[in-house]
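Trainee: Numbering (the working numbering), first residue to last: 27 to 381.
(1) So the alpha helix (DSSP H) residue 323 belongs to, where does it begin and stop?
(2) Using 10 angstroms around the beta-carbon of residue 380, count the other beta-carbons present and answer buried if the total reaches 16, otherwise exposed.
(3) With a CB to CB cut of under 6 Å and the five nearest residues on each side skipped, what residues in its chain are close to residue 79?
(4) Shorter than 7 Å from the beta carbon of residue 148 to some beta carbon of chain B?
(5) Use the C-beta contact count for residue 153: other C-beta atoms within 10 angstroms, 16 or more gives buried, fewer gives exposed.
(6) For residue 327, which option in 150, 377, 271 and 259 has the closest C-alpha, if you only look at C-alpha atoms?
(7) Helix, strand or coil for residue 316? Go by DSSP, reduced to three states.
(8) CB-CB under 8 Å to residue 247, same chain, minus the five flanking residues each way: which ones, in chain order?
(9) For residue 194, name the three-state secondary structure that DSSP assigns.
(10) Inspect the CB distances between the segment 329-346 and the segment 214-229 and report whether three or more fall short of 8 Å.
(11) State buried or exposed for residue 305, treating a residue as buried only when at least 16 other CB atoms are found within 10 Å of its CB.
(12) Consult DSSP for residue 262 and reduce its assignment to one of helix, strand or coil.
(13) Using a Cβ-Cβ cutoff of less than 8 Å, which residues in the same chain neighbour residue 65 once the five nearest sequence positions on both sides are dropped?
(14) With a cut-off of 8 Å on the beta carbons, I'd call residue 353 and residue 374 a contact; round off their distance for me.
(15) I think residue 301 touches residue 257, with their Cβ atoms under 8 Å apart; what is that distance to the nearest whole Å?
(16) Might you give, ordered along the chain, the residues of its own chain that have their beta carbon closer than 8 Å to the beta carbon of residue 303, omitting 5 neighbours on each side?
(17) Could you check which residue in 129, 109, 307 and 191 has the C-alpha nearest to that of residue 157?
(18) Quick one: any contact between the segment 353-366 and the segment 204-214, if contact means 3 or more CB pairs under 8 Å?
(19) So the beta strand (DSSP E) residue 54 belongs to, where does it begin and stop?
(20) For a test of the three-state rule: what should DSSP assign to residue 227, helix, strand or coil?
(21) Can you grab the Cα-Cα spacing for the pair residue 245 / residue 357, in whole Å?
(22) Once the 5 residues before and after residue 313 are set aside, which same chain residues still bring their CB inside 7 Å of it?
(23) Quick one: Cα of residue 315 to Cα of residue 278, how far?
(24) Is residue 174 helix, strand or coil by DSSP?
(25) So residue 93 and residue 50 are supposed to be a Cβ contact under 8 Å. How far apart are they, rounded?
(26) So which of 159, 155 and 166 has the shortest CA-CA distance to residue 127?
(27) With 16 other CB atoms within 10 Å as the buried threshold, where does residue 174 fall?
(28) With a 10 Å radius around its C-beta and 16 neighbouring C-beta atoms as the bar for buried, classify residue 193 as buried or exposed.
(29) Could you please give me the residues that DSSP links to residue 270 through a beta bridge?
(30) Grab me the residues of residue 31's own chain with a C-beta within less than 6 Å of its C-beta, minus the 5 sequence neighbours each way, in chain order.
(31) Once you ignore the five residues that flank residue 205 on each side, which residues in its own chain have a CB closer than 8 Å to its CB?
(32) Leaving out five residues before and five after residue 355 in sequence, what residues of the same chain have Cβ atoms less than 7 Å from its Cβ?
(33) Within 10 Å of its beta-carbon, does residue 57 have 16 or more other beta-carbons around it, so buried, or fewer, so exposed?
(34) Roughly how many angstroms lie between the CA atoms of residue 344 and residue 170, to the nearest whole one?
(35) Can you tell me which of the three DSSP states residue 244 falls into?
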């Protein structure tokens with residue numbers, strides 16, 4: 027990513043740079059207080075939105091008044107002949123007006139002249155974060171009202187492009203918009219997903235329905251074990267893997283890059299998977315150890331049924347090829363990952379064939 031890139035001004039809408047369709051800005055002024063007399067003085071700021079005043083390197087005022095201009099004050103002691111460095115930051119968050127007035131007056135002479143250097147250097151930034159510098163100028167005094175949120179310097183309107191500067195100390199990476207997720211259907215890949223619905227309602231991690239709501243009226247947990255049967259790209263070693271997507275005790279997650287990991291997630295070490303092609307036909311064969319799906323095994327030994335479904339993903343189609351799709355016993359329900367794809371409830375029931 028480059029140090030500096032550019033975007034049209036009218037599109038600079040992220041990071042709080044535009045609110046309520048009114049352009050926001052921020053300003054940093056630096057100057058000095060040069061008192062003609064020693065004594066106690068009042069620092070007075072009439073402002074809306076957010077200001078921060080620093081005196082001799084120490085924060086003295088830090089206030090946010092929202093859209094209503096109010097006064098913030100502090101007292102300091104100054105000596106004749108001394109120069110006191112000051113910094114004033116103003117952040118306009120995009121309201122209808124922008125108001126900022128700065129005064130430093132002797133306490134016993136409230137109507138006396140403001141004690142202020144005649145050279146307050148102002149740096150004007152696009153957006154509220156003081157990181158997109160647009161202009162610099164000297165302001166003889168700070169007493170401004172910008173109506174209708176007008177930017178305080180003509181360069182804001184003259185410049186069609188705004189520079190986007192990469193902040194110092196921030197790593198140079200960003201997340202892909204559509205990263206490769208192990209489920210295999212966002213984005214679409216050639217793989218298969220399988221899921222078992224075997225836990226009793228009282229053992230599931232989610233309530234079957236909210237109190238007072240009929241069962242089946244809302245989405246509900248209909249898969250307890252889920253696996254993605256994936257071919258592995260050659261650049262990552264090739265071969266195949268059985269990726270554990272869902273199991274009792276695993277958090278609900280989509281396994282984005284750099285998403286924190288949890289115990290027991292990832293590939294099934296003892297599983298077996300074969301994927302082969304015969305012409306345009308893809309054949310997938312898989313075996314899981316019983317200790318990977320213990321509740322399924324318990325129901326087998328007890329002679330009970332299981333509910334099972336599978337989903338076939340195709341990199342050339344976005345169709346929903348699920349076993350339960352359109353079945354009378356099923357309905358739209360998040361039976362597989364990823365959550366934002368169309369899925370059908372895992373409610374088809376099967377017996378194990380007796381030997």
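For each residue, glycine too, the CB sits at the ideal point set by N, CA and C.
Bear in mind that the values here come from a model prediction, so they are computed numbers and not experimental data.
Mentor: On the basis of the supplied data:
(1) Indexing the chain shown from 1 puts residue 323 at position 297. Here the alpha helix (DSSP H) through residue 323 covers 320-327.
(2) The count along the chain shown starts at 1 and reaches residue 380 at position 354. Exposed, by the Cβ-count rule.
(3) What you label residue 79 is simply residue 53 of the chain shown in a count that begins at 1. Shown here for residue 79: same chain residues with a beta carbon closer than 6 Å to its own, the five before and five after excluded, namely 86, 87 and 114 in chain order.
(4) In the structure shown, chain B cannot be found, because there is only a single protein chain.
(5) Here residue 153 corresponds to residue number 127 of the chain shown, with the count starting at 1. In this structure residue 153 is buried. Its beta-carbon is surrounded by 16 or more other beta-carbon atoms within 10 angstroms.
(6) Locating residue 327 in the chain shown gives position 301, counting from the first residue. Ranking the options by Cα distance to residue 327, first place goes to 377.
(7) As a position in the chain shown, residue 316 is number 290, starting the count at 1. Helix, per DSSP.
(8) Translated into positions along the chain shown, residue 247 becomes position 221. Counting only Cβ-Cβ distances below 8 Å, and skipping sequence neighbours, we find 230, 231, 232 and 234.
(9) As a first step, residue 194 is located in the chain shown; it is residue number 168 there, counting from the start. In the three-state DSSP reduction, residue 194 falls in the coil class, being neither helix nor strand.
(10) The way I'd put it, the segment 329-346 does touch the segment 214-229; three or more beta-carbon pairs between them come closer than 8 Å.
(11) One-based indexing of the chain shown puts residue 305 at position 279. By the neighbour-count criterion, in which 16 or more other beta carbons inside 10 Å mark a residue as buried, residue 305 falls on the exposed side.
(12) One-based indexing of the chain shown puts residue 262 at position 236. It is helical.
(13) Within the chain shown, the letter at position 39 stands for residue 65. Excluding its 5 nearest sequence neighbours in each direction, residue 65 has C-beta neighbours in its own chain below 8 Å: 103, 104, 132, 133 and 134, listed in chain order.
(14) What you label residue 353 is simply residue 327 of the chain shown in a count that begins at 1. What you label residue 374 is simply residue 348 of the chain shown in a count that begins at 1. Residue 353 to residue 374, Cβ: 6 Å. Contact.
(15) Reading the chain shown from its first residue, position 275 is the one you call residue 301. Reading the chain shown from its first residue, position 231 is the one you call residue 257. The pair is a contact, with the Cβ atoms about 5 Å apart (cut-off 8 Å).
(16) As a first step, residue 303 is located in the chain shown; it is residue number 277 there, counting from the start. Here the set comprises 309.
(17) On the chain shown, position 131 is the one that residue 157 refers to. With distances taken between Cα atoms, residue 157 lies closest to 191.
(18) Touching, yes, given that three or more Cβ pairs across the two stretches are closer than 8 Å.
(19) By 1-based counting over the chain shown, the position of residue 54 is 28. Residue 54 -> beta strand (DSSP E) spans 51-59.
(20) Walking along the chain shown from the start, residue 227 turns up at place 201. Note: residue 227 maps to helix in three-state DSSP.
(21) Within the chain shown, the letter at position 219 stands for residue 245. Within the chain shown, the letter at position 331 stands for residue 357. C-alpha of residue 245 to C-alpha of residue 357: approximately 9 Å in a straight line.
(22) Numbered from its first residue, the chain shown carries residue 313 at position 287. Contacts found: 297 and 298.
(23) Translated into positions along the chain shown, residue 315 becomes position 289. Translated into positions along the chain shown, residue 278 becomes position 252. Rounded to whole angstroms, residue 315 to residue 278 spans 23 Å at the Cα level.
(24) Residue numbering aside, residue 174 sits at position 148 when the chain shown is read from its first letter. For residue 174, the predicted model reports a pLDDT of 47, less than 50, meaning its position is unreliable; a value from the coordinates is still stated below. Look at residue 174 here: in three-state DSSP terms it is helix.
(25) Along the chain shown, one-based indexing puts residue 93 at 67. Along the chain shown, one-based indexing puts residue 50 at 24. Wrong, their Cβ atoms sit about 12 Å apart, outside the cutoff.
(26) Looking up residue 127 in the chain shown gives position 101. Answer by Cα proximity: 166.
(27) As a position in the chain shown, residue 174 is number 148, starting the count at 1. Note that residue 174 scores a pLDDT of 47, beneath 50, so its modelled location is shaky and nothing firm can be said.
(28) Start at 1 with the first residue of the chain shown, and residue 193 comes out as number 167. Its Cβ having fewer than 16 others within 10 Å, residue 193 is exposed.
(29) Start at 1 with the first residue of the chain shown, and residue 270 comes out as number 244. Answer is 253 and 292, bridged to residue 270.
(30) For the purposes of this step, residue 31 is taken as the residue at position 5 of the chain shown. Cβ neighbours of residue 31 beyond the five flanking positions: 190.
(31) As a position in the chain shown, residue 205 is number 179, starting the count at 1. Around residue 205: 282 and 283.
(32) Locating residue 355 in the chain shown gives position 329, counting from the first residue. Same-chain partners within the cutoff: 373 and 374.
(33) Residue 57 sits at position 31 when you count from the first residue of the chain shown. Per the 10 Å Cβ criterion, buried.
(34) Taking the chain shown and counting its residues from 1, the one referred to as residue 344 is at position 318. Taking the chain shown and counting its residues from 1, the one referred to as residue 170 is at position 144. Straight through space, the alpha carbons of residue 170 and residue 344 are spaced by roughly 57 Å.
(35) Residue 244 sits at position 218 when you count from the first residue of the chain shown. Taken through DSSP and simplified to helix, strand or coil, residue 244 comes out as coil.
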